[in-house]
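Before any comments, here is the structure.
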Amino acid sequence: MSGLHIPLGGGPDGTRTDHAVNVLAPNPGIMTLDGTNTWLIGDGEETIVVDPGPDDADHLERVRAHLDGRRVTEILLTHGHFDHSGGARSFAALVNAPVRALDPRHRLGGEGLADGDVVTVGGLEVHVHGTPGHSFDSLCFWLPQDRAMLTGDTVLGRGTTIIAGDGGLADYLRSLDRLREAAERLEAKVLLPGHGPVLTDPIAALDGYLAHRRERLDQIRAAQAQGARTPREIVRVVYADVDRSLWPAAEMSVRAQLDYLERL
């Protein structure tokens with residue numbers, strides 16, 4: 001990768017590598033951080049759009065304007081959660097392009113996506129990595145020309161991701177291990193997340209994620225030893241110093257971790 005441009009202020013909007021640029025959706029929040037990162041990947045007159053974001057007409061028009069006349073060949077989804085996929089159908093109609101995803105419910109006029117697939121646009125390749133865990137249908141996309149991995153919600157630009165109700169911690173830990181191995185083997189230079197700023201030290205970011213998960217599991221075991229039994233009781237112990245507005249999300253992750261521990 002010959003260059004990474006981060007806009008003044010350090011925010012994700014406008015962040016670019018040589019062949020990918022982010023257009024930030026206006027849906028900031030506790031779960032979405034600055035908003036959803038919509039990534040445009042292309043070289044020349046053709047572009048792939050990854051995660052159009054929510055069904056927000058202004059955002060979708062802004063993405064189309066950013067294309068500057070280039071043709072969208074395909075729309076790819078890292079997973080089917082609404083903040084990433086909600087605008088896919090509307091955007092597909094705007095640019096006359098198919099939507100490809102692992103989950104058939106989110107496909108539109110195109111083939112599915114699966115681990116090992118390679119999608120091409122112009123002279124570029126996008127390699128599909130199956131990374132279930134945050135959700136059952138989570139995918140990451142490797143852009144070898146930029147040595148960049150688009151991580152969706154599997155790895156965020158800051159903080160850590162939750163294990164959603166359609167995900168699982170065992171799968172997630174395997175996916176993190178796989179991403180860690182791939183980042184080292186492929187000599188990845190940057191992670192391009194679905195929310196938050198880019199991560200310019202992929203190995204450190206993934207090691208941090210794995211360490212955090214091990215620490216949380218140890219904390220939950222300790223809370224259980226102190227008598228906490230329900231997810232809510234465990235959240236009160238383990239997340240006592242965390243803003244209470246985040247407790248519902250924390251409770252979701254605790255449920256996933258308890259399920260994981262029960263299966264060991």
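Numbering (UniProt numbering), first residue to last: 1 to 264. Using N, Cα and C, we set each Cβ at its ideal position, and we do this for glycine too.
Contacting residues, own chain, Cβ-Cβ under 7 Å from residue i (five flanking each side not counted)
i: Q257; result: L169, R216, L217, I220
i: R70; result: G42, E45, E46, T47
i: E184; result: I203
Assigned exposure category for residue i - 16 Cβ within 10 Å defines buried
i: V118; result: exposed
i: T131; result: buried
i: G80; result: buried
i: I203; result: exposed
i: H5; result: exposed
i: D56; result: buried
i: I75; result: buried
i: G42; result: buried
i: D243; result: exposed
i: G44; result: exposed
i: residue 265; result: The first residue shown for the chain is 1 and the last is 264, placing residue 265 beyond what the model contains.
i: residue 330; result: Residue 330 lies beyond the stretch modelled for the chain, which goes from 1 to 264, so this question has no answer here.
Residue j beta carbon less than 8 Å from that of residue i
i: A20; j: T36; result: no
i: L186; j: L139; result: no
i: L60; j: S90; result: yes
i: G157; j: P12; result: yes
i: D51; j: G152; result: yes
i: P104; j: D83; result: no
i: H66; j: L40; result: yes
i: T32; j: N22; result: no
i: I234; j: A225; result: no
i: V99; j: G110; result: yes
i: L176; j: V190; result: no
i: L77; j: A92; result: no
i: L150; j: L192; result: yes
i: A182; j: M252; result: no
i: D58; j: G196; result: no
i: W247; j: Y260; result: no
i: V155; j: L143; result: no
Cutoff 8 Å; reference residue i; Cβ partners in own chain excluding five residues on either side
i: R178; result: H129, T131
i: T73; result: E46, T47, I48, A97, V121
i: D171; result: P132, G133, F136
i: S245; result: I30
i: T38; result: N22, V23, L24, A25, V49, V50, D51, P52, G53, H59, V63
Cβ shell of residue i (< 6 Å), same chain only, five flanking positions each side left out
i: Q145; result: H19, L124
i: V254; result: P231, I234, V235
i: G86; result: P54, D55
i: G3; result: D18
i: S188; result: The displayed chain sequence assigns Ala, not Ser, to residue 188. Closer than 6 Å at Cβ, skipping near neighbours: R147, M149, P202.
i: R180; result: L206
Expected contact under 8 Å - CB spacing of residue i and residue j to nearest Å
i: T166; j: F141; result: Inspection of the sequence shows that residue 166 is occupied by Asp rather than by Thr. In fact, because the Cβ distance is near 20 Å, the residues do not count as touching under 8 Å.
i: T17; j: A205; result: Not quite, the Cβ-Cβ distance comes to about 16 Å (not below 8 Å), so this is no contact.
i: T161; j: H212; result: Actually they are not in contact, since the Cβ atoms of T161 and H212 sit about 10 Å apart, beyond 8 Å.
i: A228; j: V237; result: 5 Å
Closer than 7 Å: residue i CB and nearest the ligand HEM heavy atom
i: T131; result: Summarising the ligand content, the structure contains no ligands, and the ligand HEM is consequently not present.
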